[in-house]
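Note that this note's numbering has the sequence shown beginning at 928, numbered continuously upward. Built from N, CA and C at the ideal position, the CB exists for glycine as well. Computed from a prediction, not measured in an experiment: that's the story for all the values here. Scroll down for the structure; my scribbles are underneath it.
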Amino acid sequence: MSPRKSVQHELSREMIMNAARELFITKGYQHVSMRQVAKELGYSHGAIYYHFKNKAELFYALVEEHFHMLDQVLDRILEEELDTLEKLKKVMLGFIEFGLTYQSHYEIMFLIKEDEVINYINQGPNKSYEKFAQTVHMLCGRKTTIQEIWSIFLSLHGFVTHYLRHVTNFEDVKELAHLHVNFLLKAML
């Protein structure tokens, strides 16, 4: 057995979250314990509890952080000086790029569905989807329905999940992503 580090202050929330993220993806939420996260980091499990009261809270912190990152991508694009069509295209590409650049983040955000945490994670996706929907509605040159915006979102989500874990990063499918987004734009305008 490896010696444990005893100083709690050396261990950061970020270190814990990074280790837990990979364990949740590789083993599944139900098969990960706080002890396993601690063992992965070489700390006692008590050190983990100093930062998170339980596994659900740790998972929720990951989800919140990841949706915040996605929201920041949208915010940066909206601040750019572009015409509305180019901005709309960049928003859609930004979603795909985020999903394929941060694959483990994306899986935790959208693909892990566990009864124990489902109530915790509904708020993050709803806020981000609302921001996405408002952005698409605002940038679209014609009136778009809720169903159309949902279809666009599902199409982008489908693209990401199709290539998730089959490509190393966004650059591997950048050309296909542009073609997909252009196809969606034609259907929207």
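Residue 1001 and residue 1070 closer than 7 Å at C-beta: With respect to the 7 Å criterion, residue 1001 and residue 1070 are not classified as neighbours on the basis of their beta carbons.
Straight-line Cα distance separating residue 964 from residue 935: Summary for residue 935: the model assigns pLDDT 44, below 50, so the residue's position carries little reliability, and this model does not support an answer.
Residue 1006 classed as buried or exposed, judged by whether at least 16 other C-beta atoms fall within 10 angstroms: Around the beta carbon of residue 1006, fewer than 16 other beta carbons sit within 10 angstroms, so the residue counts as exposed.
Environment of residue 962 [buried if 16+ CB atoms lie within 10 Å]: The residue is exposed, with fewer than 16 neighbouring Cβ atoms inside 10 Å.
Integer-rounded CB distance, given that residue 986 should sit under 8 Å from residue 956: That pair is a contact at about 6 Å.
Status (buried if at least 16 other CB within 10 Å, exposed otherwise) for residue 953: It is exposed - the Cβ of residue 953 has fewer than 16 other Cβ atoms within 10 Å.
Inter-residue spacing [alpha-carbon to alpha-carbon] between residue 1114 and residue 992: Straight through space, the alpha carbons of residue 992 and residue 1114 are spaced by roughly 33 Å.
Whole beta strand (DSSP E) elements within the segment 969-1042, 3-residue minimum: You should have found no qualifying run.
Option nearest residue 1100 by Cα separation, candidates 1025, 1036, 971: When only C-alpha atoms are compared, the closest one is 1025.
Separation of residue 967 from residue 1109, as counted between CA atoms: Rounded to the nearest angstrom, the gap between the Cα atoms of residue 1109 and residue 967 is 43 Å.
The alpha helix (DSSP H) enclosing residue 1086, as first and last residue numbers: Unbroken alpha helix (DSSP H) run through residue 1086: 1073-1090.
Test item: CB-CB of residue 1184 and residue 1021 under 7 Å: Residue 1184 lies beyond the residue range present for the chain, which begins at 928 and ends at 1116; the question has no answer from this structure.
Helix, strand or coil at residue 940 according to DSSP, with G and I counted as helix: Here residue 940 carries a helix assignment [DSSP, helix/strand/coil].
Terminal residues of the alpha helix (DSSP H) in which residue 1111 lies: Counting along the chain, residue 1111 sits inside the alpha helix (DSSP H) bounded by residues 1101-1115.
Spatial neighbours of residue 1120 in its chain, beta-carbon cut-off 7 Å, leaving aside the 5 residues before and after: The shown model of the chain, from 928 to 1116, leaves out residue 1120, and the question about it has no answer.
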